[in-house]
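Undergrad: Have a look at this one before I ask anything.
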Amino acid sequence: MDRDTAENRLYELWGEITDLEAAEQLLEWDQETHMPAGAQAGRGKTLATLAGLKHRLLSAPELREALAACEEAAEPGSALAAQVRWARRDVDRAVKVPETLERELAEAKSRALAVWIEARRDSDFERFVPEIERLVELRRQEAAAIDPGAPAYDVLLDLFEPGSSEAGLVPLFEELRRELGPLVRAVAESGVEIDESPALGHFPEPAQKCLGLEIAAEIGFDFESGRLDLAPHPFCVGIAQGDVRLTWRYQDDDFRPALFGILHEMGHGLYEQGLPGEWRRTPAGRAMSLGIHESQSRMWENLVGRSRGFWQWALPRFQAAFPGEAERTVEALWPALHTVKPSPIRVEADEATYNLHVLVRFELERALFAGQLQPAELGAAWDDLYQEVLGIRPGDAAEGVLQDVHWAHGVFGYFPTYTLGNLMSAQLYAAAERDLGDLDAAFARGEFAPLLGWLREKIHHPAGFQEPDELIERASGKSLDTADLLAHLRRTAEAVYPLVV
Ligand code: ZN
Numbered sequence: 080m081d082r083d084t085a086e087n088r089l090y091e092l093w094g095e096i097t098d099l100e101a102a103e104q105l106l107e108w109d110q111e112t113h114m115p116a117g118a119q120a121g122r123g124k125t126l127a128t129l130a131g132l133k134h135r136l137l138s139a140p141e142l143r144e145a146l147a148a149c150e151e152a153a154e155p156g157s158a159l160a161a162q163v164r165w166a167r168r169d170v171d172r173a174v175k176v177p178e179t180l181e182r183e184l185a186e187a188k189s190r191a192l193a194v195w196i197e198a199r200r201d202s203d204f205e206r207f208v209p210e211i212e213r214l215v216e217l218r219r220q221e222a223a224a225i226d227p228g229a230p231a232y233d234v235l236l237d238l239f240e241p242g243s244s245e246a247g248l249v250p251l252f253e254e255l256r257r258e259l260g261p262l263v264r265a266v267a268e269s270g271v272e273i274d275e276s277p278a279l280g281h282f283p284e285p286a287q288k289c290l291g292l293e294i295a296a297e298i299g300f301d302f303e304s305g306r307l308d309l310a311p312h313p314f315c316v317g318i319a320q321g322d323v324r325l326t327w328r329y330q331d332d333d334f335r336p337a338l339f340g341i342l343h344e345m346g347h348g349l350y351e352q353g354l355p356g357e358w359r360r361t362p363a364g365r366a367m368s369l370g371i372h373e374s375q376s377r378m379w380e381n382l383v384g385r386s387r388g389f390w391q392w393a394l395p396r397f398q399a400a401f402p403g404e405a406e407r408t409v410e411a412l413w414p415a416l417h418t419v420k421p422s423p424i425r426v427e428a429d430e431a432t433y434n435l436h437v438l439v440r441f442e443l444e445r446a447l448f449a450g451q452l453q454p455a456e457l458g459a460a461w462d463d464l465y466q467e468v469l470g471i472r473p474g475d476a477a478e479g480v481l482q483d484v485h486w487a488h489g490v491f492g493y494f495p496t497y498t499l500g501n502l503m504s505a506q507l508y509a510a511a512e513r514d515l516g517d518l519d520a521a522f523a524r525g526e527f528a529p530l531l532g533w534l535r536e537k538i539h540h541p542a543g544f545q546e547p548d549e550l551i552e553r554a555s556g557k558s559l560d561t562a563d564l565l566a567h568l569r570r571t572a573e574a575v576y577p578l579v580v
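Residue 580, in the working numbering, is where the sequence shown stops; the numbers in between run on with no holes.
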């Protein structure tokens, strides 16, 4: 097979895989938004069939042949080399993990999820222990099947963040702990309470939705190629070229969960809309790193959406949306968007404490996969680590070790990507500001296009044609570190708690 034939064949076959994935994602989106409850079992069967078909396509001899020929022909560093690297990753995984193990995992996950829902409701960790024991064991087997020579936790980390490893993450988390621990403690011990009343009030759902849609559209999200729907948990899914779905949820008495949730998912969505359309159905045309993905959502949510400049622009729109809540100034509102307060629940955590929540999970997962901690000991270890790192003790298991769904889904090694995303967002934002000048002043004038254009060029268009660490280094001029995030958090805390930190 000559090079052109092999390359065309690879893209043709990959296009079919991409289309199957699009169908899977559309059904999953529907399941979370519009599907009637009675459709659960039927939908499960449909999704299992699609998963089986995808596995068959990924392990098909004609794909492996085309891929091998492309590997032969690809010059190091070329676009084709990036294509074959990502294709090889998915194909190997499909071929190396035995189908029996895949099935055992799928069954263990669905049982664990059902048990977790009840265990969390009753705050009964004991009941969940056999499930998590089984899942850790199966994930160990899966990691060994993918790469028998590597530590299991490294294999799992690499599934979510290509190129990441425990050894690479440890120093980042250690620095965050060393720097953020004292900051968070100083604020907590000072007893200074920020007045959060400017964030509270009465916010009818239709007005919250209108405001979210208006702001997202003005920033640059294309609603001709996307939409926003209510769901129990906010998420974003890029289904296909021209079809990016965002979801949101709201609270009547606090506008923050809806608005910042929409900005977060919009950030994911802008990335999906910015991927190179002509490569959308090829292995490298996708978003490959969860860290990079999260850096986009965190940037719009936190660095843009909580900035003074953004609120100078957004406040008149906010006041028009909620005429009954019009008496607000940026100066009164801004501190309420930046409170620092240790609390037990990760998804409700502020910007400064958030990464400490992730650190707890990273430490526990490391210990689990190193065999230093047994699943049965997780509950107590969780509480002790919260005490040590955040200075608080969860009231019960529901508020502690059972709060996140990830482990019930059998997902280990995912949490660190949240912190990687935060670190990347701050580093990219600092680099964009060096290139573009005062971004806060631009936001105050409603100018978001320069930042979006910069992200399109540096992050969205390269898609999978550059490795995640290469993307960060090219865009920001250095490899990933904690300096920019720590500087941002310290600057903000000093402004909100002037006499404390
Ligand atoms: Zn996200």
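All residues carry an ideal CB built from backbone N, CA and C; glycine is no exception.
Just to confirm, does S376 get its C-beta within under 8 Å of one of the non-hydrogen atoms of the ligand ZN?
TA: The answer is yes for S376.
Undergrad: What do you reckon, is the C-beta of H343 under 8 Å from a heavy atom of the ligand ZN?
TA: Yes, the Cβ of H343 comes within 8 Å of a heavy atom of the ligand ZN.
Undergrad: Please determine, among L89, G500 and R206, the residue with the shortest C-alpha to C-alpha distance to A193.
TA: Checking every option, the nearest Cα to that of A193 belongs to R206.
Undergrad: Would D301 pass as a contact of W327 if the rule is Cβ separation under 9 Å?
TA: No, Cβ-Cβ distance for D301 and W327 is not below 9 Å.
Undergrad: In chain order, what residues of the same chain lie with their CB nearer than 7 Å to the CB of F339, ignoring the 5 residues before and after it?
TA: Excluding residues within five positions, the ones whose Cβ falls inside 7 Å are E380 and G384.
Undergrad: When you compare the stretch 530-547 with the stretch 220-236, are there three or more beta-carbon pairs, one atom per stretch, that lie closer than 8 Å?
TA: Result no; under three Cβ-Cβ pairs closer than 8 Å.
Undergrad: Leaving out the 5 sequence neighbours to the left and right, which residues in its chain are closer than 7 Å to A400 when beta-carbon positions are compared?
TA: If we look at A400 and ignore the five residues flanking it on each side, its Cβ neighbours are A286, C289 and L290.
Undergrad: Assess, as a yes-or-no matter, whether the stretch 465-481 is touched by the stretch 419-432 under the definition of 3 or more beta carbon pairs within less than 8 Å.
TA: The stretch 419-432 is in contact with the stretch 465-481.
Undergrad: What are the boundary residues of the beta strand (DSSP E) that G458 is part of?
TA: Careful: G458 lies outside any beta strand (DSSP E), inside the alpha helix (DSSP H) at L457 to L469.
Undergrad: Grab me the residues of A319's own chain with a C-beta within less than 6 Å of its C-beta, minus the 5 sequence neighbours each way, in chain order.
TA: For A319, where only same-chain residues beyond five positions count, the Cβ hits under 6 Å are A101.
Undergrad: I want to check one thing, is the minimum distance from the CB of L430 to the heavy atoms of the ligand ZN below 8 Å?
TA: Reading off the sequence shown, one finds Glu at residue 430, where the question assumed Leu. No, Cβ of E430 sits at least 8 Å from all heavy atoms of the ligand ZN.
Undergrad: Would D331 be called buried (16 or more neighbouring beta carbons within 10 Å of its own) or exposed?
TA: Exposed: under 16 other Cβ atoms inside 10 Å.
Undergrad: Only counting the same chain, and skipping five residues up and downstream in sequence, which positions put a Cβ closer than 6 Å to that of E258?
TA: Cβ neighbours of E258 beyond the five flanking positions: L565.
Undergrad: Look up T326 in the DSSP assignment and give the residues it is bridged to.
TA: Paired residue(s): D308.
Undergrad: In terms of DSSP beta bridges, what is L279 paired with?
TA: Bridge partners of L279: D333.
Undergrad: Does the beta-carbon distance from G489 to K188 come in below 9 Å?
TA: In contact: G489 and K188 (Cβ atoms closer than 9 Å).
Undergrad: Nearest to D517 by alpha carbon, out of F389, V263 and H436?
TA: Closest option to D517, Cα to Cα, is F389.
Undergrad: For A319, which beta-bridge partners are listed by DSSP?
TA: In DSSP, A319 forms a bridge with D322.
Undergrad: Can you grab the Cα-Cα spacing for the pair T418 / Q375, in whole Å?
TA: Spanning the two alpha carbons is a distance of roughly 22 Å.
Undergrad: Let me confirm a value: R570 is counted as buried when at least 16 other C-beta atoms fall within 10 Å, else exposed. Which label applies?
TA: The residue is exposed, with fewer than 16 neighbouring Cβ atoms inside 10 Å.
Undergrad: Given a threshold of 16 other Cβ atoms within 10 Å of its Cβ, counted over all protein chains shown, does V174 qualify as buried or as exposed?
TA: Under this definition V174 is an exposed residue.
Undergrad: Answer yes or no: the CB of H52 versus the heavy atoms of the ligand ZN, is any distance below 8 Å?
TA: An answer regarding residue 52 cannot be provided, because it is not within the stretch 80 to 580 covered by the chain.
Undergrad: Any heavy atom of the ligand ZN closer than 8 Å to the beta-carbon of R500?
TA: In the sequence as displayed, the identity of residue 500 is Gly instead of Arg. G500 Cβ: within cutoff of the ligand ZN.
Undergrad: For the structure I just gave you, are there three or more beta carbon pairs, one from the stretch 492-508 and one from the stretch 234-254, closer than 8 Å?
TA: Output reads yes: the stretch 234-254 touches the stretch 492-508.
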